[in-house]
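Working notes for the structure below.
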Amino acid sequence: MKKYIFTTVLCIATIWMSACASGKKIYESEKMNAYERTECFLTMEYADTCIDALESTDEKALYCESRFEDIDGITTYVVKNTYEYDYETGKAEKIESFTAENYSPFYVPGGKILELDIDKNLYVLDEQRQLITKVNLTELTFPNQASGKSSINYIFDIKSDGNYVYVNGQNNDGQGIVLVLNLDLQGKAFFLADSGWTLVPMRENKVKLVDNKDGSLYGYKEERNKLDKEGKLPKNVMDFSVTRGFCPGNAEYDYFYYTNGYKNEDSGIREDYLIGVKGGRQEKIFDFTAMGIADCYVMNITPDTQEGFYVWAIASEEKTVLYHFTPSETVGDYSGKAGKVCCKIGGLWPANNLYIEEFNKQSEDYYFEMVVYGDMYEDRDIAITHLFLDCQDGKLDGILLDDIEDELVKNDALYDLENYFAQSKVVSKDCFITHYLESVTDEKGRIYALYPDFKAFGYAYDKEIDFSDLMQYESLCGESNSFLSTQGAGVDLAWLLEYSGNRIVDEENKEIHVKEEAFRSMLQFLKIQSTDQHKNFDPVMQYCEGESCATRANLSEPSDYLYFNELFHKNAVFSNVGADGLIIGSREGLLGVCSKSENKEALFALYDFLYEPENYHNFFSWGMIMPVIREEYELRKDYFLATEAYEDKYGKYNRKYDFQIGMGAAEVIIPVGSISEDEAEAAVTALQEVKYVKPMKAAYENIIREEAEAYFTGNQDLDRACDNMENRLRLALEENKD
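Spelled out as structure tokens, the structure:
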């Protein structure tokens, strides 16, 4: 059962973010973390299916087991079984859906159930799952000033208080709308909000409407058929970049919410909580780390009939688990830290640290925490300064470098990993593609960091795009499309600068090229295009002279698969400028060891865990992620040639994919398995020959962008902008000459 209405409105509400990162103070409850965790057994019939949590009350829940199957050559999501789980007995009963296969269920207090199918038919069923009534929600119309009559177009969420059904969605004029229906599915009222609504379940089965614009809280009053304002949600609760979901209150709290990415601005360690709200006071009930769910994707939290909670979550191995947390006399600790050496890895921003999470679960000796300096300090330069100081002073054990390593390398703050290779029984330098090790080797020949994978940007073999070519490539897009972002000249300039190599600022030879005609033409072109807002971004260009192709795509993004053109049309041209051949656009998760760390052996153990062949394959072989281990490239050839779903040598199941190039009407499908053995060999060879081009320093990029922005906005002419750029860049080069 695909969730066509999408477990929560929060996905939509993220278009409006609260300007305030915090609201009222959040206190710790007296029972903070005092819970015992029990894992519940979930019935499954098949060994190769996944569990999807669908709906939950304090007494029972619905879940299904599903998988992807190849049906008539199309990879299709298929529900194999649906179950109703009784929390009290711990038993699951297989049930049949009343509607079509693809539907979303919703419990109604009192025993009835709602089902919404893909065609937006809403059904009311009794406790025996027999039909009481139904309605097609799109056929319900209501007056609207803009268009006379309007109807619901998208459905985000449905809740019921036992008396009414609240359907939260969007009308065909783009406004947020909540339909209020009785249990006969007859319309009682509708309410509009330009920024949309959020439905919040409260205790005693009450449902409140929250205006996403300002957090105002409303209750529906039957006697007047209107909404009454009942206050506001705290500002921090309305920050949907942090708030993940809501759940009903219990005897003590009005409602609960749980977080995703809560920033501890003192420690820089991201922590997530279940938080109860009563009378506006917010109290932490438990933190996800202590309860052992910090590394899970939490799908649903529901209070039980007493003082505990049921938590549905997806663990890092993609297994769905159901935990029951019950009150305990002692504070629970399921974090996995107990008895281990606790180490810290610092970085500017959170990393995709799936392998670190898995290491923490399996290691008997070490536990790693991520310290996010971008959370502690709003100013990026200040955050970098503190990150560097803590690395140099031994307050960190490891550091995620994110192309900011120059200062640390110069000051010998990063440990020479030749010592790691000398003692590792898992990996040697010969296991890596040569170009990758070259990109993390300093002038003294020391390897100062390692990284698991990369994303490739760049252009192909036999032609180099000049800035003056941009107008030609734009003309190939037609009148309605553009290969620029359509977000303004500044955004496109930043993209062009990011990996321009030494084309604009050659630090080694102290050369500056901002007055050359090609660069001036680029600025003029961007200024003209920024005023043309009617175009749509299309990353796939038409062929130039039947063969060459210009695009601005990230070569390793699974959504594009454009590098197939790059591999099999060797004069295809990619529009990142300034590199000789393919380049690495970003070295993902570049991890160094701090020289003064007292826990270097812990980092060595983490590297060994990562590069153990089966672990590495499981973490970094999906989609178009580019590996750094030679052996993985040979497995890519099997992937390119696959005509059906298959299991690799590690027992990992790979679905059959078709590779899509383009969007909408311009889409081109390249079936998997349509290339030859020679072409697959060429693909592997091309990927192994990727080169690294160092990004332009942020200080130089910022100067160019500031002066260009003044030109784009009309505050200075082109000559003045280029003069200012050259003068400021010259000073910056002098300051950095040592």
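The sequence shown begins at 370 in the numbering used here and counts up one residue at a time.
Note that beta-carbon positions come from the ideal geometry of N, C-alpha and C, so glycine has one too.
Only a predicted model underlies this, so the values are computations on that prediction, with no experimental measurement involved.
Considering Cα atoms alone, identify which of the options is closest to residue i.
i, options, result
"Val971", "Tyr1008, Lys794 and Cys712", "In the sequence under discussion, the amino acid at residue 971 is Ala, which differs from the Val named in the question. The option with the nearest alpha carbon to Ala971 is Cys712."
"Glu484", "Asp455, Phe511 and Leu431", "Leu431"
"Gly618", "Asp656, Glu676 and Arg406", "Glu676"
"Asn540", "Val860, Ile521 and Asp750", "Ile521"
"His804", "Thr458, Phe525, Glu733 and Met995", "Met995"
"Cys800", "Asp623, Lys604, Glu1003 and Asp759", "Glu1003"
"Ser398", "Ile654, Leu806, Thr1054 and Val795", "Ile654"
"Ser473", "Leu491, Gly459 and Lys463", "Leu491"
"Leu318", "Asp673, Leu819, His986 and Glu812", "Since the first and last residues shown for the chain are 370 and 1107, residue 318 lies out of range."
"Glu1111", "Glu652, Lys709 and Asp608", "With the chain represented from 370 up to 1107, any question about residue 1111 goes unanswered, as that position is not in the structure."
"Glu405", "Leu975, Thr658, Asn1071 and His693", "His693"
"Val667", "Asp673, Ala682 and Thr674", "Ala682"
"Asn788", "Ile816, Tyr454, Ala782 and Ile644", "Ile816"
"Ser797", "Lys896, Pro982, Ser585 and Glu886", "Pro982"
"Arg650", "Tyr624, Leu550 and Leu777", "Tyr624"
Exposed or buried, residue i, counting other C-beta atoms within 10 Å across all chains shown (16 or more means buried)?
i, result
"Asn1105", "exposed"
"Leu500", "exposed"
"Val447", "exposed"
"Tyr736", "buried"
"Thr612", "buried"
"Leu979", "buried"
"Ser435", "buried"
"Phe410", "exposed"
"Val946", "Low per-residue confidence applies at Val946: pLDDT is 35, beneath 50, and the placement is therefore not dependable, though the value from the model is reported in the following sentence. By the neighbour-count rule (16 or more Cβ atoms within 10 Å), Val946 is buried."
"Asn1164", "Missing from the structure shown is residue 1164; the chain here goes from 370 to 1107 and no further."
"Pro512", "exposed"
"Ser808", "buried"
"Tyr1100", "Reading the sequence as shown, one finds Leu at residue 1100 and not Tyr. Counting Cβ neighbours within 10 Å, Leu1100 comes out exposed, since fewer than 16 surround it."
"Tyr1019", "exposed"
"Asn669", "buried"
"Trp566", "buried"
"Thr699", "exposed"
"Ile482", "buried"
"Leu1087", "exposed"
"Asp441", "exposed"
"Ala1077", "buried"
According to DSSP, is residue i helix, strand or coil?
i, result
"Gln651", "strand"
"Leu1087", "helix"
"Ala948", "Per-residue confidence for Ala948 stands at a pLDDT of 37, beneath the threshold of 50, marking its modelled position as unreliable; no derived number is given."
"Val997", "coil"
"Glu1076", "helix"
"Cys389", "Because Cys389 carries a pLDDT of 32, less than 50, the predicted location of this residue cannot be relied on, and the following value inherits that uncertainty. DSSP places Cys389 in coil when its eight states are reduced to three."
"Pro982", "helix"
"Asp580", "strand"
"Arg639", "strand"
"Phe615", "strand"
"Tyr746", "coil"
"Ser793", "coil"
"Asp1092", "helix"
"Lys1006", "helix"
"Tyr415", "coil"
"Ser928", "Low local confidence applies: a pLDDT of 29 at Ser928 is under 50, so the model's placement there is unreliable, with the coordinate-based value given in what follows. Ser928 falls in the coil class under three-state DSSP."
"Lys460", "strand"
"Cys760", "helix"
"Glu1103", "helix"
"Val883", "coil"
"Asn402", "coil"
What residues are listed by DSSP as bridge partners for residue i?
i, result
"Gln893", "Bridge partners of Gln893: none, in fact."
"Lys590", "Lys595"
"Phe560", "Val547"
"Pro474", "Glu484"
"Leu491", "Leu485 and Val504"
"Asn540", "Ile521"
"Tyr446", "Phe437"
"Glu957", "Asp822"
"Cys409", "Leu691"
"Ala974", "Paired residues: none, contrary to the question."
"Val962", "Gly767"
"Lys713", "Glu738"
Determine whether the Cβ of residue i lies closer than 8 Å to any Cβ atom of chain D.
i, result
"Gly743", "Among the protein chains of the structure shown there is no chain D, as only one such chain exists."
What whole-angstrom Cβ distance do residue i and residue j have, given they're in contact under 8 Å?
i, j, result
"Asn581", "Ala558", "Not a contact, Cβ separation roughly 19 Å."
"Asp530", "Pro478", "7 Å"
"Ala461", "Thr689", "Rounded, the Cβ-Cβ distance is 13 Å, inconsistent with contact."
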